[in-house]
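Reading through the structure tokens given below for one structure.
There are 2 protein chains.
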Amino acid sequence: MEIEESLKKYGKGIDEHLKKLFPVRDDYLSEPIWYHMDTGGKRMRPALCLIVCEALGGNPDEAVPFAAAVEILHNMFLMHDDIEDGDTMRRDKPAVWVKYGTANAINAGDYLLGRAYRSILDGNLPQGKRLRLLDIFTLTYEKTVEGQALDINWRGSTKFTIEDYLRTVELKTAYYLTCGMVGGAVIAGASDGAIDKIWELGKSMGPAFQIRDDLIDLTVGKGRGGVIGSDIKEGKPSFLYAYTLSKAGAADKERLVEIMLKPRESTSASVVDEVIKLYKKYDAINYSQRFAEGLVEKAFKAIEEIPVENKATFREIAQFMAQRTA
Amino acid sequence: MEIEESLKKYGKGIDEHLKKLFPVRDDYLSEPIWYHMDTGGKRMRPALCLIVCEALGGNPDEAVPFAAAVEILHNMFLMHDDIEDGDTMRRDKPAVWVKYGTANAINAGDYLLGRAYRSILDGNLPQGKRLRLLDIFTLTYEKTVEGQALDINWRGSTKFTIEDYLRTVELKTAYYLTCGMVGGAVIAGASDGAIDKIWELGKSMGPAFQIRDDLIDLTVGKGRGGVIGSDIKEGKPSFLYAYTLSKAGAADKERLVEIMLKPRESTSASVVDEVIKLYKKYDAINYSQRFAEGLVEKAFKAIEEIPVENKATFREIAQFMAQRTA
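As they're listed, the protein sequences go chains B and A. Residue numbers for the first sequence follow our numbering, so the first one is 1 and each next one is one higher. Residue numbers for the second sequence follow our numbering, so the first one is 1001 and each next one is one higher.
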């Protein structure tokens, strides 16, 4: 698929820029940062920024500083979220806070954010565009933090609904999945109408992406050393959990919440299995798949409404995303 | 003293702006933020921004959004640093991470930073000035994080020198003590020459401020519930520690490092007293006082070189700062 080639090609340019922003050194900021950044990130979000910029007639080189900022943002959040969520593994290696301590992990994440702003500020673009990009970046940053605030405080709630899930995920996932594409469009000089539709596309695609991620946690795991059911162990409020809560009888519901509230270390594999059986009993897995498919369809609909000639690239992007995970 | 009146007057305007930026609510972001912001911060840094703006002929109203951003930055750092340093008390109340948990404290700090950028971005100033302020803010943010990285990793080091201390403190304290004044000057349209000298003033005043703070920890404590010697308990590398390390004989040096490396809970009051006696033995307290006075003199020298007519306000500010603590 052509888009995969583009992703690879553009991913490399991003890494070069990142190395200029924070050179590889053995100090207390560079070391945890590169330990984390090197661990196999796909650089998908920044590559999408460059691809969209080019597709809309812009010069992708001009988009590199913003694209790098988006990649930095992604990694900064992973670093802080792993502490907040108590996730000890990331991409099959110990998380930064486990390896370098919580203090260095908070601080390295903070530093990354500064570098992201620096990248956008120093980009070679007219003042108005730089301010617009800073605006988009700040909006995205804040919405994602708001989403994380909701997410960490839903743990073990019996009142968690599908609406709550979608609201949380739109904030936590959709903005920063989309902001690279939006930034690329701004740099290319796209109209406000086009930019609105790109946001719309992302707001369907983000939750679809996340629901797929929730499902994958039940099959191959999420890069936590092959462990299945991390979300269940950690009591993370997934789509499957929200749906099952809405459908289950009183006894099943009570048991489900009880398991979700268990500390991670006392949630055994057999208990995880019990939850998966509950999910299956209420057809949550099939329903989640169908729901995600519905969202992907919505995203494709938004693409058809983007007022630009070249819709093919967006279709390819959506196609690609619909098959991948976070 | 006139400056204290101005500080009070301007402090109020800042609080109104802060309440617009993040209304007082009972959600998972507002609650920890206002718990923290309400706890008696003096709003000194933002007030200095407005005072300098006015002193240089600018309209202080135009400086409110930047001044608020500086205050937010200050509080964001306190929130994250308390986690990183393991400080359980802040302004004589439990720190945010103790009251709301580490996850919410990291996240609330992250959110604050977003609000600071939003405040500057939405300020009613020409594009060029807004970008310049964002640049100053980002520089300050990054330098402060770099300083914190040094600070948390110096703990218990036997090789910690006065130069290390000054480098760390310039990064960690001086930039964000000064950036409000610099921003106020930019908004007033001050020359680059004036702005350089204001930075210089802050780079002497910041370390002077911090050394005084280190000294105060040995007498009245630093708002940690009346506890004396927090820095010693936590093994924080103070000016006194650096100086004593450089002067002490082998046995005293060994004992000093041994105590600094002790976990906080096993550093008793009598052990703290032992360190204070060591500091006195090597005349570290007097030396620190003299060193801080030397820095204040340097700051006054920088003021005389600021190429503006109204130097009186800067002298008052410096006078005020020389008597206060962080």
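By construction, the Cβ of each residue, glycine as well, lies at the ideal position given by its N, Cα and C atoms. None of these values were measured; they are calculated from a predicted model.
query: Reference SER1204 of chain A; option with closest CA among A:ALA1292, A:ASP1110, A:LYS1099, A:ASP1151; result: A:ALA1292
query: Rounded Cβ spacing between HIS74 of chain B and ARG45 of chain B (contact assumed at less than 8 Å); result: 6 Å
query: Proximity to ILE232 of chain B [Cα-Cα], best of B:LEU278, B:ASP38, B:TRP199, B:GLU84; result: B:LEU278
query: Selection from B:GLU142, B:GLY189, B:PRO207 that minimises the alpha carbon distance to LEU166 of chain B; result: B:PRO207
query: Minimum C-alpha distance to ILE303 of chain B - residue among B:ALA269, B:ILE198, B:LEU256, B:MET260; result: B:ILE198
query: Interface positions of the segment 1275 to 1307 of chain A facing chain B (Cβ-Cβ less than 9 Å), listed along the chain; result: none
query: Simplified DSSP state of PHE77 of chain B, which is helix, strand or coil; result: helix
query: Complete alpha helix (DSSP H) runs within the segment 1120 to 1188 of chain A (minimum length 4 residues, chain order); result: 1127 to 1154, 1162 to 1169, 1175 to 1187
query: Partner residues on chain A for GLY114 of chain B, Cβ-Cβ distance less than 8 Å; result: THR1138, TYR1141, GLU1142, VAL1145
query: Members of the segment 1023 to 1034 of chain A that neighbour chain B once the beta carbon cut-off is set at 8 Å; result: ASP1027, TYR1028, LEU1029
query: Rounded straight-line distance, which links the Cα of LEU134 of chain B to that of LEU1139 of chain A; result: 15 Å
query: 8 Å Cβ cut-off: residues of chain B touching ILE1106 of chain A; result: HIS80, ILE83, GLU84, ILE106
query: Any chain B beta carbon closer than 8 Å to ASP1135 of chain A; result: yes
query: Beta-carbon neighbours of THR1102 of chain A, restricted to chain B and to distances below 8 Å; result: ILE83, GLU84, THR102
query: Beta-carbon contacts of ILE244 of chain B that lie in its chain and below 7 Å, excluding the five residues immediately before and after; result: One point to set straight first is that residue 244 of chain B is Thr, not Ile, in the sequence displayed. Excluding sequence neighbours, THR244 of chain B sits near LEU256, LEU278, TYR279, TYR282, ALA284.
query: C-beta contact flag for ILE1014 of chain A and GLU1071 of chain A at 8 Å; result: yes
query: Selection of the segment 1187 to 1199 of chain A by Cβ proximity to chain B, strictly under 7 Å; result: none
query: Beta-carbon gap between ASP1082 of chain A and ARG1090 of chain A smaller than 8 Å; result: yes
query: Residues bridged to LYS93 of chain B [DSSP beta-bridge criterion]; result: B:ARG90
query: GLU1274 of chain A to ALA1103 of chain A span [Cα, whole Å]; result: 37 Å
query: Simplified DSSP state of VAL1024 of chain A, which is helix, strand or coil; result: coil
query: Chain-ordered residues of the segment 1119 to 1133 of chain A with a beta carbon less than 7 Å from chain B; result: LEU1121, GLN1127, GLY1128, ARG1130, LEU1131
query: Extent of the continuous alpha helix (DSSP H) run through ALA1299 of chain A; result: 1284 to 1304
query: Chain B contact residues for ILE1152 of chain A, given Cβ-Cβ distances below 9 Å; result: TYR28, GLY101, ALA103, ASN104, ASN107
query: LYS1143 of chain A burial status per 10 Å Cβ neighbour count (16 or more: buried); result: buried
query: Rounded separation between GLU341 of chain B and LEU48 of chain B - CA only; result: Because chain B here runs from 1 to 326, residue 341 of chain B falls outside it and cannot be looked at.
query: Test: ALA327 of chain B CB closer than 8 Å to a CB of chain A; result: Residue coverage of chain B in this structure runs from 1 to 326, which leaves residue 327 of chain B outside it and unanswerable.
query: When B:ILE276, B:LEU50, B:SER266 are compared against ASP252 of chain B, the one with the closest alpha-carbon; result: B:ILE276
query: Three-pair Cβ contact test at 8 Å for the segment 123 to 133 of chain B versus the segment 1121 to 1131 of chain A; result: yes
query: Assigned exposure category for ASN1107 of chain A - 16 Cβ within 10 Å defines buried; result: buried
query: 4-residue-minimum alpha helix (DSSP H) runs that sit fully inside the segment 229 to 280 of chain B, ordered along the chain; result: 230 to 234, 239 to 247, 250 to 261
query: Neighbourhood of ASP1214 of chain A by C-beta, 8 Å cutoff - its chain only, sequence neighbours within 5 removed; result: ASP1231, SER1238, PHE1239, LEU1240, SER1288
query: As assigned by DSSP and simplified to three states, the class of ALA1322 of chain A; result: helix
query: Three-state class that DSSP yields for LEU1029 of chain A in the structure shown; result: coil
query: VAL1308 of chain A to TRP1154 of chain A span [Cα, whole Å]; result: 40 Å
query: Nearest-angstrom Cα separation, counted from ILE1211 of chain A out to ALA1326 of chain A; result: With a pLDDT of 48 at ALA1326 of chain A, under the threshold of 50, the predicted position of this residue should be treated as unreliable, and no value is reported.
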